Each structure stands twice: as structure tokens, then as C-alpha cells.
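A.B. asks:
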Amino acid sequence: MSITAEIRRIEEELRNTPYNKATEHHIGRLKAKLARLRGELEKERSRRSGGGAAPFRKSGDATVVLVGFPSVGKSTLLNSLTNACSAVAEYDFTTISVVPGMLKYKSAEIQVLDVPGIVEGASSGRGRGREVLSVIRNADLIIIVTDVLRCDVQKIIEELRNAGIRINESPPAVKIVKKAKGGISIYADEIQIEEKTLHAILKEYKIHNADVFIREKNITIERFIDAIEGNRRYIPAIIAVNKIDMLDDGGADEITRIIERIKGVDKSSILPISAEKGTNIEMLKDMIYEKMRFIRVFLRPPGKQVEKEPMVLREGAKVGDVCDKIHGNMRSRFKYARVWGKSVKYDGQRVGAEHELCDGDTVSIFVR
Numbered sequence: 198m199s200i201t202a203e204i205r206r207i208e209e210e211l212r213n214t215p216y217n218k219a220t221e222h223h224i225g226r227l228k229a230k231l232a233r234l235r236g237e238l239e240k241e242r243s244r245r246s247g248g249g250a251a252p253f254r255k256s257g258d259a260t261v262v263l264v265g266f267p268s269v270g271k272s273t274l275l276n277s278l279t280n281a282c283s284a285v286a287e288y289d290f291t292t293i294s295v296v297p298g299m300l301k302y303k304s305a306e307i308q309v310l311d312v313p314g315i316v317e318g319a320s321s322g323r324g325r326g327r328e329v330l331s332v333i334r335n336a337d338l339i340i341i342v343t344d345v346l347r348c349d350v351q352k353i354i355e356e357l358r359n360a361g362i363r364i365n366e367s368p369p370a371v372k373i374v375k376k377a378k379g380g381i382s383i384y385a386d387e388i389q390i391e392e393k394t395l396h397a398i399l400k401e402y403k404i405h406n407a408d409v410f411i412r413e414k415n416i417t418i419e420r421f422i423d424a425i426e427g428n429r430r431y432i433p434a435i436i437a438v439n440k441i442d443m444l445d446d447g448g449a450d451e452i453t454r455i456i457e458r459i460k461g462v463d464k465s466s467i468l469p470i471s472a473e474k475g476t477n478i479e480m481l482k483d484m485i486y487e488k489m490r491f492i493r494v495f496l497r498p499p500g501k502q503v504e505k506e507p508m509v510l511r512e513g514a515k516v517g518d519v520c521d522k523i524h525g526n527m528r529s530r531f532k533y534a535r536v537w538g539k540s541v542k543y544d545g546q547r548v549g550a551e552h553e554l555c556d557g558d559t560v561s562i563f564v565r
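For the sequence shown, position 236 (counting from the first letter as 1) is numbered 433 according to this note's numbering, and the numbering increases by one without interruption.
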């Protein structure tokens, strides 16, 4: 039996098997095998196609990708957010390549990419799906664009999940330490999955000797498998429900019903918009900025005044990241830095490259 046929067989069995304590062990093994086979199939396809990545160059302070089925208004939204000119027409597959634009907002330069519309089965390679998904995997933020007529967010999320992309999730708090012998030992404070199920999942991946530390309460089978795979991408996302201008006078009630129908997504991540009319576009820009968790750092060259325009970095950035952004080889010549702001105990404190910065800090870099 081919890998593809085996995947279909397992998917069918999972659909027909109710989940309960009696079936948990069997379902755990099936899901682990399914994830492993999908990984093998993806590697095989990559070898045959030579990678299949859609070419694009990242630029700016972060990259946002517009994701959605064809004809939901992604091209119009790109044009509303940026100064790009993505072709717009009332038929599917208008976007035949990755079209970039640049959103300049609150000192940040945010690259926005309009990729070809996803079709069902994209994670299996349909409709240039592998190319599109390879671009999405490299995004810093995903905007899932749907509209008031179809609102098929769950199908998009499923395609992303099948491609190893997790939206608005944090990585599972699981650490697996392989060892030469001694079997499998599970260390967990509070989990609902039976240990024999975890053992079966690990053995599906040929892990027979390991210490497994689980620091996540009520971890699911899916997230445990994600921890083993180790290649998932965890990307923040916004759901933009487009074309609200097409609704009649009772549109507000209809928008509420549409939002309620979207399951498995934090409602605070959903925003109704009209890319055509510009409705809520400024609010969307603000959501993008907040989701990116930017911080602004002001540079103060030694012996000079503080520069007026801040450097934009991501939350958690360190002094070394400032060096990298100023010049590619500055980190190798770095001696120390002095920092003024919230991240230090006193203004002008001397710090090293690993010092973590806060929004509004001022930094002076000293090099050899």
C-alpha cells in the first residue's frame, strides 16, 4: 500500500472511531502514525520537486501573509493596507505569484504578501499548495481572509494544520530527552492521557528509551505528537471577515452570527472589514501591530545625540539583535552597550549583548 493510500485509510478510520477512554490508546497510535506518514510524504515530495518554495525575499521589520480561498478579496486588502498594485478581478486565481507590499505603521515597516488563493487539498499539493504553504510557514503573522458569503475559516485552519502550521498557539511544554537504555519514563504533574497511550505514540516514532517531561496540564494527543515532531510553526493570526459592505441594513446582526459560527479561534482575533470601502482597515493595522509585539528602541551613537527615528524590533530582542540590524558584522566587534530605560536598574547602565531590551529604551553601542 502506498503512503498516500495508507494516509487515506487512517483518516477514514479516525473519522469513524468515536473518542473515549476505551478508544484513546488506539486513536493515539493512529494519529501518531498519520502524522509520521504525512511527514514522510512531504519529504518524498520535496525530494521530487526540489523543494517547491515560491521565491520571495523577506524585507522590513516583519512579514505578514494574506491567506484565503480564491476571490475573498486578498488582493483588494493588500492594496488597502499598502501601496502595492495587486491585480484585482472578479474571478478565481487572479494572483498568479507572490505580490509584496509594504505597510508603514507606527515607525514599523511591515512586509505584506498576497499569495495565490488556497484550495481544498493545498496541504497535499493541489493548486500550487506546497509553494503557497512554504511562504506561509516563513510568515511572522498570518491574516486569514474570508468573506461574509462563505466564511470557511475552519477549512483554511485545517489546511494549515495539515502543513504543520499552528495559529495562535504556543509550543507544547514538553521536553523529550533520549537515552541509551532504561525505557520510557514520563514526568508530568497533571495529564488526562493514559501513560500507555503516550508510550504507544513514542514507540510509533521508534523512541524506546527517553525521559519525557510534560509541563502542560491536560496536554492533548495532537500537541504531544507536535512536540515529538519538533517541526511545527507557531504563528499568530488574525481572521479578517471581508465584504461586510455587501450586507443589508441588518448587517450588524449578521456579522455577529458569522463571528459566532467561527469555532476554535479566539473571538478577539476576528475583525469584520471591507477592503473595498476601507471599513475597519485602520483597526486592522492596529491589530497587526499589536500581534507582532513590536518594541521601539532609540539609538544613541557614542558622543552624539539620540536619533529621532526608532529601530523597530520584536519583543524579547536583545542588544545583539540591535547590532545585527545596524550591520551584519557589528556583533563580532561588539564590546559593550549602555542602556537608558525600563530594562536597566539605572540610566546609562553598562550591559552585554544578551541584555533584553524594553520598548522605549535608548542604546549606545561600543565596538572594538
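Glycine included, C-beta positions come from ideal geometry on N, C-alpha and C. These figures come from a predicted structure and were not determined experimentally.
Can you grab the Cα-Cα spacing for the pair Arg490 / Arg511, in whole Å?
C.D. replies: Cα-Cα distance, rounded: 6 Å.
A.B. asks: Are the beta-carbon atoms belonging to Ile373 and Ile425 less than 8 Å from one another?
C.D. replies: In this structure, Ile425 lies closer than 8 Å to Ile373 by Cβ.
A.B. asks: Determine contact between the region 225-232 and the region 414-430, defined as no fewer than three beta-carbon pairs at a distance below 8 Å.
C.D. replies: Yes, since at least three Cβ pairs between the region 225-232 and the region 414-430 fall closer than 8 Å, the two stretches touch.
A.B. asks: Using the three-state DSSP reduction, which class does Glu370 fall into: helix, strand or coil?
C.D. replies: Inspection of the sequence shows that residue 370 is occupied by Ala rather than by Glu. Ala370: coil per DSSP, three-state reduction.
A.B. asks: Beta-carbon within less than 6 Å of Lys539's beta-carbon, same chain only, minus the 5 sequence neighbours each way: which residues are those?
C.D. replies: Cys555, listed in sequence order.
A.B. asks: Could you tell me which residues DSSP puts in a beta bridge with Glu553?
C.D. replies: According to DSSP, Glu553 bridges with Lys515.
A.B. asks: Per DSSP, what kind of secondary structure is Lys414 in: helix, strand or coil?
C.D. replies: Of the three classes helix, strand and coil, the one that applies to Lys414 here is coil, per DSSP.
A.B. asks: With a cut-off of 8 Å, do at least 3 Cβ pairs link the region 514-531 to the region 263-272?
C.D. replies: The region 514-531 is not in contact with the region 263-272.
A.B. asks: Please state the DSSP three-state secondary structure of Ala407.
C.D. replies: Strand.
A.B. asks: Since Ser382 is in the beta strand (DSSP E), which residue starts that stretch and which ends it?
C.D. replies: Run containing Ser382: 381-385, per the beta strand (DSSP E) assignment.
A.B. asks: According to DSSP, which residues form a beta bridge with Gln389?
C.D. replies: Bridge partners of Gln389: none, in fact.
A.B. asks: Around the Cβ of Tyr431, are there at least 16 other Cβ atoms within 10 angstroms (buried) or fewer (exposed)?
C.D. replies: Tyr431 is exposed by the Cβ-count criterion.
A.B. asks: From Ile492 to Ser320, what distance separates their C-alpha atoms?
C.D. replies: Cα to Cα, Ile492 sits roughly 34 Å from Ser320.
A.B. asks: Count the other C-beta atoms from every protein chain shown that fall within 10 angstroms of the C-beta of Val438, then say buried if there are 16 or more, exposed otherwise.
C.D. replies: Buried is the call here.
A.B. asks: By the DSSP assignment, the beta strand (DSSP E) with Met299 in it spans what residues?
C.D. replies: Element bounds for Met299: 296-302.
A.B. asks: In this structure, does DSSP put Thr214 in helix, strand or coil?
C.D. replies: Note: Thr214 maps to coil in three-state DSSP.
A.B. asks: What is the rounded straight-line gap between the Cα of Val503 and the Cα of Arg497?
C.D. replies: Straight-line Cα distance between these residues: approximately 4 Å.
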